[in-house]
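Each residue of the sequence shown is one higher than the one before, counting from -7 in my numbering.
Think of the CB as a built atom: it goes at the ideal place given N, C-alpha and C, for glycine as much as any other residue.
Note that the structure is a prediction, hence the values are computed from the model and not measured.
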Amino acid sequence: MTAVRRHRARGARAVLVSLLAVVAALALTPARTVLPAGAPGAVEGAAAATAGLTTTADARYVVDPAAKKVHVTVALAATNHLKDTKTRRYFFDRSYLAVPPGTTGFRISSAGASPRVSVTSRHKGYNLLRIDFGKQLAAGATRTFSIAFDIPDPGGAPTRATRIGTSLVSFSAWGLGSDGATGGSVTVIFPTGFTVLPSGTGLTKSRDAAGNTVFSTGRLANPLSYIASFSADRPSAYKESTIRVAIGTETVPVTIRSWPDDPAWTKRVGGLLAKGLPALAKDIGLPWRVDRQLVVQEAISRNTSGFSGRYSPGDGTIEIAYYADSFVVLHEAAHAWFDGGLLADRWANEGFASWYALRAARAIGEKQVVGDALTAALEKLRVPLNAWAPATPETGATPAEDAEYAAALRLASLAAERATPAGLQSVWRAIADQRASYQPSASGADLERGDGTPPDWRGLLDVLEEQTGGDYRDLWTAWVVRPAEAGLLADRAAARERYEAVSARAGDWRLPRVVRDVLRVWQYDQATELLDAASHALDDRDAVTMAATAAGLTVPTTMRTDFEGPRGFAAASAEADAELAAIAAYRDAAGARTGQTDVLERIGLWNASPDASLAQAAGSFASGDLEATVRDSAFAKLTWASAATVGRNRVLAVVGSLAALLLGAWLTFRWLRDRGRRRRRRVLMAHAEPSGRAR
């Protein structure tokens, strides 16, 4: 959606005040009737005459842009309501009529008479005409007069109430008549091609045969109090010119569109922009942010409340009312930076645009430039800035709008005083660079960036405090938050304090981004849960560190990786439990090692290296291989625990082997010995037999 920035309509307000003053002047105009000339009983006649004459008028206002005038013709009807008596005759020979100020060229005519019209007095709010009837108006009679005069464009200040030209028309049409009269009408005719904004009750719009736009009131209940104002322009009649403005290292083209009959506006606004845009850029501290050619065009209000400036960032167009002062021009120029893309909230964009406009005015030497003052009356109307409704096509300069503009400027001024201009520049650069608040404090951490969404009142408070080191909570409490939002500031303070404490305790361990992200979006319940989990994980870290140090082990990085990464605090705590179990296994294994060994243990440890296994377990622990740590520790423990048994078994095995060997040798010896004996016995027996036998 295209964002629209508006500023209150000082010019329209001035015109309205002028018209109200005219109404008051008309109500106080001296008597509309005069005494009957030469009538007897003057005192009685005066009272009767005041109540006896009424005038009503059908006033027709025809806009003539080429002549820079509005031609007014009035069909005036004067009626003598008195009645003659046998002794008195009542008549009127003149009357008075109040008409708009600055009117000229008065003419009058009436059938059967030679009336005259003249200006008896000229005032700021009205001119008073004297109408001489030329022929006495008898009791009970009515006479009509045709009066004509012009409303010319007086020239001068752009804020003047009456402007009649080929591109712009602004004037007021009055109902004419005497006080208390009923009747008459007002008709206003604009030539074709004008877009007209009327402000008045009871107006109907139509077109005549020539295509002119006609506004009519019909019969008026009280013509003396009726005023309608009209503003009209011909948008297609713009005259374009281009200025080139040096902003930093860039040369930026700015197109100026003005009405052909208002070269003074082009000169004034173009001059302000040529000097003001570089001053704004330097003070804000950001490069030119508009990615298309900036168009600044003269305009009139398009709503009943009026505006004096409006910026549409979608198409890079600034509309500045023909009557807008220097503050409005510079304010709208500042919206080239504060356009909704840097800050999200309307009050922030409007407030800082106003603050920088005032500073730019001083920098370029503009005199008597003032911003929106928060008067006592407006202070009573203002609401928290977060309750300020977004601008719409119908948004105009109401007192409530004035109060919010003034409050936004006041807050921006107070914040800037605390931040300093240089501090604000660092704020805008951080936002433009999408530097997220709550950057990790651990050294060597990568810069965390936001998602490109402009910060709202919450994000602005965070970045203000982070970039300037100040505390702005009191300002936000007094000016920004609605009652329902006040608790968020207290929650924020508690969460930030807890975050700082946990971050300090974490030391060179970096809290994961998810913690900072929930702080950035002010989700403090979730932030509290995460910080509680982080604190528990740090308890586990400390327990692991203490146990590992006591065991002479180097803590692996696995838990830190889990703590800082997406696996989270639960994974870190689970890892701590596993590491504590591995440490316990290692210490148990180390505890199984004895300082001195006996013969059997030394024999049992022959060709075994439980120390190497334990060292291997320590290395596995440092690398995070907890399974290997437990396995190697268990092997080392088992080796030490079974050394005596293994030694005894080995000794027994050796002794048994030797015994078996000796037994085998003895048995072999006996077998050999017995075999020898048997052999010798056979030999002896063989020698002992006789040499011959009997046959």
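Endpoints, the alpha helix (DSSP H) within which His63 is located: No alpha helix (DSSP H) contains His63, which is instead part of the beta strand (DSSP E) from Lys61 to Asn72.
Using only the alpha-carbon positions, how far apart do Leu120 and Ala105 sit? 22 Å
Output needed for Arg450: all residues of its chain with C-beta closer than 7 Å, excluding positions within five of it in sequence on either side, in chain order. Trp514
What is the residue span of the alpha helix (DSSP H) that Pro602 lies within? Pro602 to Ser615
Residues near Trp280 by beta carbon distance below 8 Å, same chain, minus five either side: Ile239, Gly240, Glu242, Val244, Ala273 and Ala328
Inter-residue spacing [alpha-carbon to alpha-carbon] between Asp76 and Gly147: 51 Å
Per-residue burial, Thr541 [other beta carbons within 10 Å of its own, 16 or more giving buried]: exposed
Mark Ala39 as exposed unless 16 or more other C-beta atoms lie within 10 angstroms of its C-beta, in which case mark it buried. Confidence at Ala39 is low in this model, with a pLDDT of 31, below 50, so the placement of that residue is unreliable and no value is reported for it.
How about Ile312 and Glu290: are their beta carbons less than 9 Å apart? yes
By the DSSP assignment, the alpha helix (DSSP H) with Asp531 in it spans what residues? Tyr516 to Ala543
DSSP has Arg674 in a bridge; who is on the other side? Bridge partners of Arg674: none, in fact.
Would you identify the three-state DSSP class for Leu89, choosing helix, strand or coil? strand
Give the DSSP-derived three-state secondary structure of Lys116 in the structure shown. coil
Is Met538 buried or exposed, if buried means 16 or more other CB atoms sit within 10 Å of its CB? exposed
Secondary structure of Pro245, DSSP reduced to three states: strand
First and last residue of the beta strand (DSSP E) that includes Gly97? Thr96 to Ser101
Kindly indicate which three-state DSSP category Gln417 falls into: helix, strand or coil? helix
When the Cα of Pro150 is compared with those of Ser649, Ala316, Asp466 and Leu618, which residue comes out closest? Ala316
For the candidate residues Arg488, Leu572, Asn72 and Thr460, whose alpha-carbon lies nearest to that of Thr621? Leu572
Who are the Cβ neighbours of Asn72 in its own chain at under 8 Å, not counting the five residues just before and after it? Gly44, Leu45, Tyr82, Phe83, Phe84, Leu129, Ala130, Ala131, Gly132, Ala133 and Thr134
Starting from the Cα of Asp580, find the closest Cα among Pro602, Val287 and Val188 and give me that residue. Pro602
Between Thr96 and Ile143, what straight-line distance do the alpha-carbon atoms span, to the nearest angstrom? 7 Å
What residues are listed by DSSP as bridge partners for Gln289? Arg249 and Glu311
Excluding sequence positions up to five away, which residues of its chain have a Cβ less than 6 Å from the Cβ of Ala422? Val455 and Gln459
Is Ala535 near Ala562, with beta carbons less than 9 Å apart? no
For the segment 164 to 176 against the segment 213 to 231, do three or more pairs of beta-carbon atoms, one drawn from each stretch, fall closer than 8 Å, so that the two count as touching? yes
Flag this pair as yes or no: are the beta carbons of Thr47 and Leu89 separated by less than 9 Å? yes
For Asp50, does the count of other Cβ atoms within 10 angstroms reach 16, so buried, or fall short, so exposed? buried
Should Lys60 go down as buried or exposed, given a rule of 16 or more other Cβ atoms within 10 Å for buried? buried
Taking 9 Å as the cut-off, decide whether the C-beta atoms of Ile139 and Phe98 are in contact. yes
Sort Ala103, Ala564 and Gly172 by Cα distance to Leu212 and report the nearest one. Gly172
Would you kindly work out how many angstroms separate the C-alpha atoms of Leu467 and Val507, rounded to a whole number? 26 Å
Val375 classed as buried or exposed, judged by whether at least 16 other C-beta atoms fall within 10 angstroms: exposed
Three-state secondary structure (DSSP) at Trp166? strand
One question on the structure: do Ala153 and Phe186 come within less than 9 Å of each other, judged by their Cβ atoms? no
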